[in-house]
Amino acid sequence: MKKINLFLILFIFISSFLFANPFSGNVSLIVIDAGHGGKDPGALSGEINEKDIVLAVSKYLYDNLKSDYNCVLTRDNDIFLELQERCDIANSQAFDVNGYPIFISIHVNAATSESANGFELYIKDDEKKLSLLSKATSSTLISKYSSYNNIMVNQYINKVNEYLASTIESSIKRAFPLYKNRGIKEGNLYVLNQTFMPAVLIELGFITNSDDRSNLINPEWQKKMADAIASAIRSL
Ligand SMILES: [Zn+2]
177 MKKINLFLIL FIFISSFLFA NPFSGNVSLI VIDAGHGGKD PGALSGEINE
227 KDIVLAVSKY LYDNLKSDYN CVLTRDNDIF LELQERCDIA NSQAFDVNGY
277 PIFISIHVNA ATSESANGFE LYIKDDEKKL SLLSKATSST LISKYSSYNN
327 IMVNQYINKV NEYLASTIES SIKRAFPLYK NRGIKEGNLY VLNQTFMPAV
377 LIELGFITNS DDRSNLINPE WQKKMADAIA SAIRSL
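Sequential numbering of the sequence shown, starting at 177, is according to our numbering.
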């Protein structure tokens with residue numbers, strides 16, 4: 177009986193670490209990554225390019241957050257950047273050693289079926305979780321992770337990403353209650369694997385769906401979406 181109680185107490189203790197807000201109000205740097213750009217238009221529908229939509233939303237997000245946070249845009253105009261260049265921009269930033277850097281990549285979806293619609297979020301693939309720990313990992317994150325043993329560090333890193341993604345997901349749901357939520361998915365995506373900080377990629381909607389498309393190109397909708405993402409970040 178004593179053993180069972182001890183196990184239960186240990187489980188509750190570990191769970192509280194895994195499910196509490198890992199950021200604790202200490203986000204110190206936000207890297208905003210507008211996907212594609214320049215020669216790479218991203219997803220297309222006629223004259224409408226993903227690269228223009230994601231740049232507009234990224235700028236609204238930057239404008240919302242810049243007065244209160246150290247914010248960086250990987251691009252602020254129509255230029256082409258390699259995926260590694262985006263990660264280099266994120267990984268080379270100086271930030272408050274007591275705080276968390278986060279990476280937010282903004283994209284627009286496309287599908288062969290015109291009925292596919294809604295937003296979704298991506299976090300690192302399970303198997304890529306340890307890529308967070310590298311030469312470029314900040315000392316803050318290393319000290320946070322070092323309090324966990326080897327088995328727990330994987331769970332912890334994934335929980336941090338899940339917490340970030342689910343906070344953004346809830347905020348978008350609140351701002352757009354009727355908009356289809358496709359959920360949080362794990363993806364083997366370059367910018368998620370190679371940015372050594374909590375990272376999420378947001379697919380705002382489908383350029384191939386007529387309802388989504390008319391929202392995606394509407395500046396009011398773009399700003400409302402950016403504000404929903406910003407309010408999630410402010411709540412971390
Ligand atoms: Zn994209």
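Note that beta-carbon positions come from the ideal geometry of N, C-alpha and C, so glycine has one too.
Non-local C-beta neighbours of GLY275 in its own chain, meaning closer than 8 Å and more than five positions away in sequence, comprise ASN202, VAL203, SER204, LEU205, THR316, ordered along the chain. Each residue's CA atom was taken as its position, placing THR343 and VAL207 some 17 Å apart.
In the DSSP assignment, TYR245 falls outside any beta strand (DSSP E) and carries neither an H nor an E. Within the model, the alpha-carbon separation for PRO198 versus VAL336 is close to 6 Å. When DSSP states are grouped into helix, strand and coil, LYS361 belongs to the strand group. Distances from the CB of GLU226 to the heavy atoms of ligand 1 include at least one below 8 Å. If only uninterrupted alpha helix (DSSP H) runs of at least 4 residues are considered, those enclosed by the segment 332-389 are 366-370.
In this structure, ligand 1 has no non-hydrogen atom nearer than 8 Å to the beta-carbon of ALA292.
By the criterion of a C-beta distance shorter than 6 Å, TYR238 is surrounded in its chain by ILE208, CYS247, LEU249, once the five residues flanking it on both sides are discounted.
Leaving aside the five residues that flank GLU226 on each side, the residues in its chain whose CB is nearer than 8 Å to its CB run, in chain order, GLY211, HIS212, PRO217, GLY218, ALA219, LEU220, HIS283, VAL284, ALA286, ILE383. Looking from the CA of ARG358, the closest CA among PRO395, GLY381, SER234, ASP264 belongs to GLY381. Within a 10 Å sphere around the beta-carbon of LEU354 sit fewer than 16 other beta-carbons, which makes this residue exposed.
Under the DSSP assignment, SER407 falls in the alpha helix (DSSP H) whose first and last residues are 395-410. When secondary structure is reduced to three states using DSSP, ASP216 falls in the strand class. PHE372 is positioned such that its CB atom lies no closer than 9 Å to that of ASN293.
Ordered along the chain, residues surrounding ligand 1 are GLY211, GLY218, HIS283 [Cβ under 5 Å from any heavy atom]. Going by DSSP, ASP209 is part of the beta strand (DSSP E) stretching over 203-210. Excluding the 5 residues flanking it on each side, ALA341 has same chain C-beta neighbours closer than 7 Å at LEU297, ILE299, ILE360, VAL376, in chain order. GLN398 sits close to ILE229, with the two beta carbons spaced by under 9 Å.
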